[in-house]
Amino acid sequence: TDLPKNSFLLTFDDGLKDIYTYVFPFLKKNHLQGTFFPITNTIEKHFVADVHKIHIILANTNDKQKIVEQIQNFIKLYKKKFNLKELEEYYSELRPHRYDSKEINFIKQMLQRKLPLTLRKILVNGLFKKFVGKNEQDFSKKFYVSTDEMKEMSENGMIFGNHSYSHPWLTELPLDEVKKEIQKSNNFLKKFQPNGIKCISYPYGDFNQKIVDICRDERLDMGFTITPKDTVIDKKNALLLSRYDTNDFPQ
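The number in this note's numbering is simply the position in the sequence shown, starting from 1, with 13 added.
So, in structure tokens, the structure goes:
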């Protein structure tokens with residue numbers, strides 16, 4: 014069936030509490046449907062995802078240079094143990110970001126991907142404790158949507174999709190771990206989506222053909238990237254759909 018002209022689909026990643034507090038009431042009032050992609054271990058196990066810890070650390074720190082200096086000190090301290098690169102080399106590898114300042118871009122890229130995972134965990138958890146100073150489980154319960162809220166949303170026509178179990182960089186994982194991430198998320202979401210999980214939003218927009226093939230094997234029909242452009246939905250590109258960020262539109 015052809016879609017009507019100027020059709021659009023509203024998608025919301027990560028499962029933050031705001032989707033229940035602000036988005037869901039608006040959609041319900043206006044008889045609209047949204048598709049939501051929660052990070053399921055944040056709801057099931059009450060973790061705070063590293064990607065959000067980084068944003069929260071930044072929001073709680075006026076002087077971003079303090080975070081930069083902490084990262085630089087860690088690189089010097091753990092250089093031999095983790096076989097790290099020279100600091101100047103990390104700076105030279107940074108990709109510009111559409112929205113972030115140079116300082117914030119450095120912080121995000123180093124804490125999200127550039128440093129080894131073990132070191133990233135130590136550093137992010139230490140910064141969260143220093144600059145936020147709140148119990149992670151208590152914080153998580155207030156920061157993310159709850160199972161009761163998800164149930165209410167589902168009963169009112171909202172759709173839930175896969176965003177992985179723990180929001181890793183999927184291309185950094187062995188393929189069997191990628192499969193587990195997708196399966197564990199699907200298993201959790203089935204109680205809210207009894208007809209099955211049909212779509213995925215790739216964490217960080219990170220995927221390759223092998224990951225697309227796994228998604229197809231897991232009977233996911235649609236996959237959403239973070240490529241900002243119009244999309245044409247057909248069977249060939251159904252697992253490679255582009256979409257716009259709200260920041261791509263005039264405020």
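Cβ atoms here follow ideal geometry from the backbone N, Cα and C, with glycine treated the same way. Remember, predicted model here, so these are calculated numbers, not experimental data.
Could you give the distance in angstroms between the alpha-carbon of residue i and the alpha-carbon of residue j?
i                 : j                 : result
alanine 62        : threonine 55      : 7 Å
valine 245        : phenylalanine 144 : 44 Å
proline 263       : phenylalanine 95  : 44 Å
arginine 133      : tyrosine 103      : 14 Å
asparagine 169    : valine 36         : 13 Å
phenylalanine 201 : leucine 100       : 41 Å
tyrosine 112      : tyrosine 257      : 14 Å
glutamate 57      : leucine 136       : 24 Å
Please list the terminal residues of the continuous alpha helix (DSSP H) segment that includes residue i.
i                 : result
proline 51        : Run containing proline 51: none in the alpha helix (DSSP H); it sits in the beta strand (DSSP E), 47–51.
leucine 130       : 130–144
lysine 155        : 149–156
phenylalanine 119 : 115–122
Tell me whether residue i is buried or exposed, calling it buried when 16 or more other Cβ atoms sit within 10 Å of its Cβ.
i             : result
lysine 66     : buried
aspartate 189 : exposed
serine 177    : buried
glycine 209   : exposed
Considering just the uninterrupted stretch of the beta strand (DSSP E) at residue i, what are its terminal residues?
i            : result
threonine 24 : 23–27
field: Contiguous alpha helix (DSSP H) assignments of at least 4 residues, all confined to the stretch 171–242
entry: Taken in chain order, the unbroken stretches of alpha helix (DSSP H) that lie wholly in the stretch 171–242 and span 4 residues or more are 188–202 and 222–230.
query: Can you give, in chain order, each stretch of the alpha helix (DSSP H) that sits fully within the stretch 81–106 and has at least 4 residues?
result: At a cut-off of 4 residues, the continuous stretches assigned as alpha helix (DSSP H) that sit fully inside the stretch 81–106 are 100–106.
message: Across the stretch 81–95 and the stretch 193–201, are there enough close Cβ pairs to call them in contact, namely three or more that are closer than 8 Å?
response: In short, these stretches do not touch, since the Cβ pair count stays below three.
query: Are there three or more Cβ pairs, one per stretch, closer than 8 Å when the stretch 104–124 is compared with the stretch 76–83?
result: They touch, by the three-pair rule.
- prompt: Are the stretch 37–45 and the stretch 219–228 touching by the rule of at least three beta carbon pairs closer than 8 Å?
  reply: Short answer: they don't touch.
At least three beta-carbon pairs within less than 8 Å, the stretch 165–178 to the stretch 45–59: A contact exists between the stretch 165–178 and the stretch 45–59.
message: Quick check: the stretch 120–135 against the stretch 147–163, are at least 3 beta-carbon pairs closer than 8 Å?
response: No, they do not touch.
message: Between the stretch 201–217 and the stretch 235–251, can you find at least three pairs of beta-carbon atoms closer than 8 Å?
response: Here the stretch 235–251 makes contact with the stretch 201–217; the two share three or more CB pairs at distances below 8 Å.
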